[in-house]
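Q:
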Amino acid sequence: MKVLVVGGGGREHALCWAIARSPRCSGLWCAPGNAGIADVATCLPEVGAEDIEGILSACRDHAIDLVVVGPEAPLVAGLVDRLQAAGITAFGPTAAAARLEGSKAFMKAVLAEAGVPTARSATFTDAGDAKAHIKDRGVPCVVKADGLAAGKGVLMCETEGEALAAIDTVMTERAFGGAGERIIIEDWLGGEEASAFALCDGTTAVWMGAAQDHKRVGEGDTGPNTGGMGAYSPTPAVTEAMADRIMTEIIQPTVDAMAARGTPFKGVLFAGLMIDDEGPKVLEFNVRFGDPECQVLMLRLDGDLLDLLEAAATGRLAEVGAPRWRPEAALVVVMAARGYPGAYEKGTAIGGLEAAGAISNMEIFHAGTRRDGSGAVLANGGRVLGVTALGTTVAQARTRAHAAIDVLYWPEGFCRRDIGWRAVEREEASAGA
């Protein structure tokens, strides 16, 4: 098969890396790609991830058999619809099904129909009404932009002042653009967060693993939310029994509800969960692999990713069987440009990549990178590298990732050194018991 992956971040590098390993992959392209993806695929830097016409032209030019859409924006914009209309097989949901991520209010409506547990919430289009609601309901609460906000439109509010300021940030100042025309105010759930993934073909859903992400920019989970500063898999919060509950109480009911609406969901359904003593509750749905969760899932996957993606896209998941997983843990540490998630500098040089990449049981997935005329790798985004390692324990995987980071030379970058801290604490407690 000839495959085109859409996107240019760490998630897409991990997908390209895994697809390239399939014996069925006879050609691999990525639009637009990045400096790291260029090592495993032919990049099309002139074709942006949201350039629907450019992607269609690339498919015709290269006789593409399967398109794998990485980011959420082109999915919500209807890329899969256009590809299907042109007779091109695509992995990912249609625009109607992608509303599960494109609108949190829509997602809440589907969850209510499906009887899926989630936080109590209210939706507002007027800032004054939203502020009156805060004064009536009290805090803590969570204020969310309804639309796509690159993973940053969720504001955790412990005080009334924080909640009122969050409403102004989203609705009045429009910090997240049009995504803030409507907001969701919901209960602050306690428990432990986890990311759960399932491949779906419209009717059938199969478990695709779980991970735990670290959204806050600072050590100890402090500071503003980001697109993700690191992740690990598996997570102790999602046992085999909990995975069964997630599939039966959350994933399959959602897939059934979407089919009943006439908008069957095909692709990967990513449930952001809060798990407490009562069980799992949905914080949000995403309609694509997470970033950086995808990086650890791909490192642990023991099988042919291309077979799975094609089966999901063509309604044949029941025929291919459940994915197989390596027994090791995987952990990714994101290296970001200083200043992220605020203003940051682009164009700084990154040294030591070859030496770091030579460390065993480790892969460096590029997120925001490009090469200059001399071939040097330059930072070209906020999140720049995903240093990803395997280990018999989460602690060992983290040690390997840190060893690679210490070989790199990039003074303008930073990372968190405590990724996986919950799992490491559990491992240490178990070893000392």
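Residue 315 in the UniProt record's numbering sits at position 315 of the sequence shown; the count goes up by one each step and never skips. Built from N, CA and C at the ideal position, the CB exists for glycine as well.
So is A49 in contact with chain B if we call contact Cβ pairs under 8 Å?
A: Protein chain content of the structure displayed is limited to a single chain, and chain B is not contained in it.
Q: In the structure shown, what three-state DSSP assignment does A114 receive?
A: Walking along the sequence shown from the start, residue 114 turns up at place 114. Note: A114 maps to helix in three-state DSSP.
Q: Suppose contacts are defined by Cβ-Cβ distances below 8 Å. Is L4 in contact with I52 by that definition?
A: Within the sequence shown, numbered from 1, the residue matching residue 4 stands at position 4. Within the sequence shown, numbered from 1, the residue matching residue 52 stands at position 52. Going by C-beta atoms, L4 is not nearer than 8 Å to I52.
Q: When the Cα atoms are used, what is the spatial distance from G168 to R288?
A: For the purposes of this step, residue 168 is taken as the residue at position 168 of the sequence shown. For the purposes of this step, residue 288 is taken as the residue at position 288 of the sequence shown. For clarity, residue 168 is Asp in the given sequence; the question names Gly instead. Those two C-alpha atoms are separated by around 29 Å.
Q: With distance defined between alpha-carbon atoms, name the residue in T94, A271, E173, C59 nearest to V238.
A: Here residue 238 refers to the residue found at position 238 of the sequence shown. Among T94, A271, E173, C59, the Cα nearest to that of V238 belongs to A271.
Q: Quick check on the burial criterion: 16 or more other C-beta atoms within 10 angstroms. Buried or exposed for K135?
A: Walking along the sequence shown from the start, residue 135 turns up at place 135. With fewer than 16 Cβ atoms within 10 Å of its Cβ, K135 is classed as exposed.
Q: Starting from the N-terminal side, write out each stretch of the alpha helix (DSSP H) that is 4 residues or longer and does not extend beyond the stretch 132-191.
A: List check, alpha helix (DSSP H) in window: 160-167.
Q: What residues in its chain sit with their C-beta under 6 Å from that of T42, if we drop five residues either side in the sequence?
A: One-based indexing of the sequence shown puts residue 42 at position 42. So the qualifying residues of the chain are W29.
Q: Can L269 and F285 be called in contact, C-beta distance under 8 Å?
A: Along the sequence shown, one-based indexing puts residue 269 at 269. Along the sequence shown, one-based indexing puts residue 285 at 285. Yes. Within cutoff.
Q: Tell me, to the nearest whole angstrom, how far the beta carbon of W17 is from that of E293; I am working on the premise that it is less than 8 Å.
A: Counted from its first residue, the sequence shown places residue 17 at position 17. Counted from its first residue, the sequence shown places residue 293 at position 293. Not confirmed; about 15 Å, so no contact.
Q: Which residues bound the alpha helix (DSSP H) around E219?
A: On the sequence shown, position 219 is the one that residue 219 refers to. No alpha helix (DSSP H) contains E219, which DSSP labels as neither H nor E.
Q: Quickly, what does DSSP pair L317 with across the bridge? List them, please.
A: Here the question's residue 317 lines up with position 317 in the sequence shown. Its beta-bridge partners do not exist; DSSP assigns none.
Q: Per DSSP, what kind of secondary structure is M229 in: helix, strand or coil?
A: To locate residue 229, count along the sequence shown from 1; it is residue 229. Reduced to three states, the DSSP call for M229 is coil.
Q: Go through its chain and collect everything with a Cβ distance to K281's Cβ below 7 Å, but skip five positions before and after it.
A: Within the sequence shown, the letter at position 281 stands for residue 281. Once the five neighbours on either side are set aside, the close Cβ partners of K281 are P117, T118, A119, L189, L273, M274.
Q: Alpha carbon to alpha carbon, how far is D291 from G391?
A: Counted from its first residue, the sequence shown places residue 291 at position 291. Counted from its first residue, the sequence shown places residue 391 at position 391. D291 and G391: Cα-Cα distance of roughly 20 Å.
Q: Please name the residue in G177, I251, W207, P23 whose C-alpha comes closest to that of P323.
A: If you number the sequence shown from 1, residue 323 lands on position 323. The option with the nearest alpha carbon to P323 is W207.
Q: How is the alpha helix (DSSP H) around M323 delimited, first residue to last?
A: The residue given as residue 323 occupies position 323 in the sequence shown. The identity of residue 323 in the sequence shown is Pro, whereas the question assumes Met. Neither: P323 is in no alpha helix (DSSP H) and is coded neither H nor E.
Q: Could you tell me if D61 is buried or exposed, where buried requires 16 or more neighbouring beta carbons within 10 angstroms of its beta carbon?
A: The sequence position of residue 61 within the sequence shown is 61, counting from 1. When all chains shown are included, D61 counts as exposed.
Q: Locate the beta strand (DSSP E) running through G54, then write down its first and last residues.
A: Here residue 54 is taken as the residue at index 54 of the sequence shown, counted from 1. No beta strand (DSSP E) holds G54; the alpha helix (DSSP H) holding it covers 52-62.
Q: Give a yes or no on whether the C-beta atoms belonging to residue 442 and K104 are separated by under 8 Å.
A: No information on residue 442 is available, as it lies outside the stretch 1 to 433 that the chain covers here.
Q: Between P45 and V217, is the Cβ-Cβ spacing less than 8 Å?
A: Residue 45 sits at position 45 when you count from the first residue of the sequence shown. Residue 217 sits at position 217 when you count from the first residue of the sequence shown. No. Outside cutoff.
Q: Please report the distance separating the alpha-carbon of A95 from that of T263.
A: Taking the first residue of the sequence shown as position 1, residue 95 is located at position 95. Taking the first residue of the sequence shown as position 1, residue 263 is located at position 263. Roughly 9 Å between the two C-alpha positions.
Q: Which residue comes first and which comes last in the alpha helix (DSSP H) that contains T399?
A: Mapped onto the sequence shown, residue 399 falls at position 399. Note, T399: alpha helix (DSSP H), 394-407.
Q: Under a Cβ-count criterion, where at least 16 other Cβ atoms within 10 Å of its own Cβ denotes burial, should P411 be classed as buried or exposed?
A: Here residue 411 is taken as the residue at index 411 of the sequence shown, counted from 1. Counting Cβ neighbours within 10 Å, P411 comes out exposed, since fewer than 16 surround it.
Q: What does DSSP give as the partner residue(s) for D213 in the beta ladder?
A: Walking along the sequence shown from the start, residue 213 turns up at place 213. According to DSSP, which records beta bridges pairwise, D213 is partnered with A231.
Q: Between which two residues does the alpha helix (DSSP H) holding S430 run?
A: Taking the first residue of the sequence shown as 1, we reach residue 430 at position 430. Unbroken alpha helix (DSSP H) run through S430: 421-432.
Q: Would D201 be called buried (16 or more neighbouring beta carbons within 10 Å of its own) or exposed?
A: Numbered from its first residue, the sequence shown carries residue 201 at position 201. Label assigned to D201: buried.
Q: Can you grab the Cα-Cα spacing for the pair D256 / G128, in whole Å?
A: Working through the sequence shown from its first residue, we reach residue 256 at position 256. Working through the sequence shown from its first residue, we reach residue 128 at position 128. Between D256 and G128, the C-alpha separation is close to 37 Å.
Q: Give me the Cβ distance between V407 and A356, rounded to the nearest whole Å; I'm assuming they're in contact under 8 Å.
A: Within the sequence shown, residue 407 is the residue found at index 407, counting from 1. Within the sequence shown, residue 356 is the residue found at index 356, counting from 1. About 4 Å; that satisfies the 8 Å criterion.
Q: Below 8 Å on the Cβ atoms is my contact criterion, and I expect I419 with Y232 to pass it. Report the Cβ-Cβ distance as a whole number of Å.
A: If you number the sequence shown from 1, residue 419 lands on position 419. If you number the sequence shown from 1, residue 232 lands on position 232. So it is a contact: roughly 7 Å between Cβ atoms.
Q: With A49 and V80 assumed to form a contact (beta carbons below 8 Å), what rounded beta-carbon distance in angstroms separates them?
A: Residue 49 sits at position 49 when you count from the first residue of the sequence shown. Residue 80 sits at position 80 when you count from the first residue of the sequence shown. About 13 Å separates the two Cβ atoms, so there is no contact after all.
Q: Are L317 and L199 close, meaning C-beta to C-beta below 8 Å?
A: If you number the sequence shown from 1, residue 317 lands on position 317. If you number the sequence shown from 1, residue 199 lands on position 199. Cβ atoms of L317 and L199: closer than 8 Å.
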